[in-house]
Amino acid sequence: MKSVGALCALIVLAVLISPLAGDGSRIFLEPGNLTDILRQISLIGILSLSMTLVILTGGIDLSVGSLLALSTSLTAMWLTRGYTHSMVLAIAVAVLACTLAGALNGVVIAFTGMQPFIVTLASMIGIRGLAKWLTSNQNIDIGFGHDLAAEFAAIFRQKALVIGSYVASAAIFWTLLSRTVFGRHVRAVGDNEKASRYAGLPVRRTKVWVYALSGLLSGFAGVLYAAENHQGNPNAGVAYELDAIAAVVIGGTRLSGGKGSISGTIVGTLIMGVLTNMLRLNNVDSNVEMMIKAVIIVLAVAVQRGRNG
1 MKSVGALCAL IVLAVLISPL AGDGSRIFLE PGNLTDILRQ ISLIGILSLS
51 MTLVILTGGI DLSVGSLLAL STSLTAMWLT RGYTHSMVLA IAVAVLACTL
101 AGALNGVVIA FTGMQPFIVT LASMIGIRGL AKWLTSNQNI DIGFGHDLAA
151 EFAAIFRQKA LVIGSYVASA AIFWTLLSRT VFGRHVRAVG DNEKASRYAG
201 LPVRRTKVWV YALSGLLSGF AGVLYAAENH QGNPNAGVAY ELDAIAAVVI
251 GGTRLSGGKG SISGTIVGTL IMGVLTNMLR LNNVDSNVEM MIKAVIIVLA
301 VAVQRGRNG
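Every letter in the sequence shown is one number past the one before it in my numbering, and letter 21, counting from 1, is 21.
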């Protein structure tokens, strides 16, 4: 079921697109363009899934873009510098490193009581610095030949695999949040952390897990980014955390935690993707595009506040 915030954004989107639907609208409806939209939103969509769990606990994760950059860098390094002859091992190293970094965020937040904003802001800066240090602040190119790195890129940049990865991740996280005890704990912690502690729920463990999952999906998104762009880029993912948060908020998840859904986040991600695609097909200035997105985010939050208060 779509959240109120997502529904509001969808209505606004329809209003905005109506006067723009010229020749671009015919291109928009072509199957190739529709699948392109899905491919374009997949990385942010993957980040948004775990961001939903984080925000549901009343937290925030500003480090996902930097973790993505670390993952792209590690993936390219292991594939191009002879550290391994296994594609699977290179991917595992990148994803595991990001998962551990995410778990560390969770441990610090859960056991010190520090604000998630501060902890993940520090991680955003530090992990970005680590990625730049490991690569000497240089992109690591992945070629187009027949070596291991090129084969990796050829496989993992395929549209069907990228979209399929997002769909599979969405299905897993929807099940995790809606059909498991862990999902109920996530909501309970965000709704009332003190009551959750008194009820004997594993509050600290839940927080560690949601940040670890955020790191895991950031790492996986970084692997797909490296393949799609044929490079490990320590500067990748800048402001991706803001796009992910925007998708979650537009999808109706309450920033204070406790209320929200994976389905709402998917709708929010699609709204942002469709809006971006439609505006660009009609040659709308990129600065205007940014302003329109800002208005939609504010409206979505305003509707949530009206609903809750």
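C-beta atoms are modelled at their ideal positions from N, C-alpha and C, and glycine is treated no differently. This structure is a prediction, so every number in the text was calculated from the model and none was measured.
Sub-8 Å separation of residue i and residue j beta-carbons
{"i": "residue 269", "j": "residue 247", "result": "yes"}
{"i": "residue 187", "j": "residue 56", "result": "yes"}
{"i": "residue 210", "j": "residue 53", "result": "yes"}
{"i": "residue 149", "j": "residue 79", "result": "yes"}
{"i": "residue 223", "j": "residue 75", "result": "yes"}
{"i": "residue 217", "j": "residue 42", "result": "no"}
{"i": "residue 120", "j": "residue 61", "result": "yes"}
{"i": "residue 72", "j": "residue 244", "result": "no"}
{"i": "residue 58", "j": "residue 193", "result": "yes"}
{"i": "residue 208", "j": "residue 39", "result": "no"}
{"i": "residue 249", "j": "residue 300", "result": "yes"}
{"i": "residue 99", "j": "residue 215", "result": "yes"}
{"i": "residue 267", "j": "residue 251", "result": "yes"}
{"i": "residue 206", "j": "residue 181", "result": "no"}
{"i": "residue 241", "j": "residue 65", "result": "yes"}
{"i": "residue 236", "j": "residue 68", "result": "yes"}
{"i": "residue 92", "j": "residue 127", "result": "no"}
{"i": "residue 204", "j": "residue 122", "result": "no"}
{"i": "residue 272", "j": "residue 293", "result": "yes"}
{"i": "residue 262", "j": "residue 174", "result": "yes"}
With 16 other Cβ atoms within 10 Å as the buried cut-off, status of residue i
{"i": "residue 321", "result": "Look at the range of the chain in this structure, 1 to 309, and you will see that residue 321 is not part of it."}
{"i": "residue 287", "result": "exposed"}
{"i": "residue 88", "result": "exposed"}
{"i": "residue 124", "result": "buried"}
{"i": "residue 233", "result": "buried"}
{"i": "residue 136", "result": "exposed"}
{"i": "residue 303", "result": "buried"}
{"i": "residue 118", "result": "exposed"}
{"i": "residue 166", "result": "buried"}
{"i": "residue 230", "result": "buried"}
{"i": "residue 178", "result": "exposed"}
Reduced DSSP category for residue i - H, G, I as helix; E, B as strand; rest coil
{"i": "residue 140", "result": "strand"}
{"i": "residue 260", "result": "coil"}
{"i": "residue 193", "result": "helix"}
{"i": "residue 15", "result": "Confidence in residue 15 is poor, its pLDDT being 48 and thus under 50, which makes the residue's placement unreliable; the coordinate value appears in the next sentence. Residue 15: helix per DSSP, three-state reduction."}
{"i": "residue 198", "result": "helix"}
{"i": "residue 389", "result": "The chain is shown from 1 up to 309; residue 389 falls before or after that span and cannot be answered."}
{"i": "residue 236", "result": "coil"}
{"i": "residue 30", "result": "coil"}
{"i": "residue 286", "result": "helix"}
{"i": "residue 295", "result": "helix"}
{"i": "residue 36", "result": "helix"}
{"i": "residue 83", "result": "coil"}
{"i": "residue 58", "result": "coil"}
{"i": "residue 243", "result": "helix"}
{"i": "residue 251", "result": "coil"}
{"i": "residue 280", "result": "helix"}
{"i": "residue 128", "result": "helix"}
{"i": "residue 113", "result": "coil"}
{"i": "residue 324", "result": "Summary: the structure shown does not reach residue 324, with the chain confined to residues 1 through 309, and so no result is reported for it."}
{"i": "residue 180", "result": "coil"}
{"i": "residue 52", "result": "helix"}
{"i": "residue 175", "result": "helix"}
{"i": "residue 157", "result": "coil"}
{"i": "residue 75", "result": "helix"}
{"i": "residue 135", "result": "coil"}
{"i": "residue 300", "result": "helix"}
Residues bridged to residue i [DSSP beta-bridge criterion]
{"i": "residue 231", "result": "141"}
Closer than 7 Å: residue i CB and nearest the ligand GTP heavy atom
{"i": "residue 32", "result": "As presented, the structure is devoid of all ligands, the ligand GTP included, so that no description of it is given."}
Next item on the list: Decide yes or no for the touch test of the region 103-112 against the region 127-141: beta carbon pairs closer than 8 Å, at least 3 of them.
Entry: No, they do not touch.
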